Amino acid sequence: MVILEDQIWMIVVGFLVAFVLAFGLGANDVANTFGSSVGSGVLTLKQACILATICEMSGAVLLGAKVSNTLRKGIVDIQLFSGLENGAATLMAGQVAALGGKLRSFPF
C-alpha cells in the first residue's frame with residue numbers, strides 16, 4: 001500500500017467538501033420530509049430533528065457500503081488507474097474534483 005503524504009491535502013479538502021454537501025443535503029431532506037409534520041403540530045422541532053438524525057444515520061450506515069460498492073465497481077473502473085505511476089493520486093484528484101463540481105450547483 002502506498003502512503004500518499006503529498007496528497008494529504010486532497011483527503012482533507014475532500015472530507016471538508018463532503019461534509020458540507022452531506023450537511024446541506026441532509027438539511028434539505030429534513031425540511032422536505034418533516035416540514036408538514038412540524039407545521040401541523042404533530043411533532044415538535046426537537047422531535048423532528050432527533051427522528052431525522054436517527055433515520056439519516058441509519059440510512060448512511062446500512063446503505064453506505066452499497067453506495068461505495070457502486071462507485072468502486074459500477075461507475076469508476078479502478079483498474080484503469082492501477083497501471084499509472086500516480087494512479088491513486090489521479091483517482092483521488094478526480095473524486096475531489098467531482099465533489100467540488102457539485103458545490104457549484106449547491107444552493108447556499
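Residue numbers for the sequence shown follow the UniProt record's numbering, beginning at 1 and rising by one. Every residue gets a Cβ at the ideal spot worked out from N, C-alpha and C, and that includes glycine. These figures come from a predicted structure and were not determined experimentally.
query, result
"Limits of the alpha helix (DSSP H) - the one that I50 falls within", "L45 to N69"
"Identity of the residue in D29, S40 and Q95 nearest M57 by Cα", "D29"
"Proximity of L21 and L99 at Cβ, strictly below 9 angstroms", "yes"
"Exposure of V96, with buried meaning 16 or more beta-carbon neighbours within 10 Å", "buried"
"Environment of F34 [buried if 16+ CB atoms lie within 10 Å]", "buried"
"Coil, strand or helix - N32 by DSSP", "helix"
"Start and end residues, alpha helix (DSSP H) containing K102", "G87 to R104"
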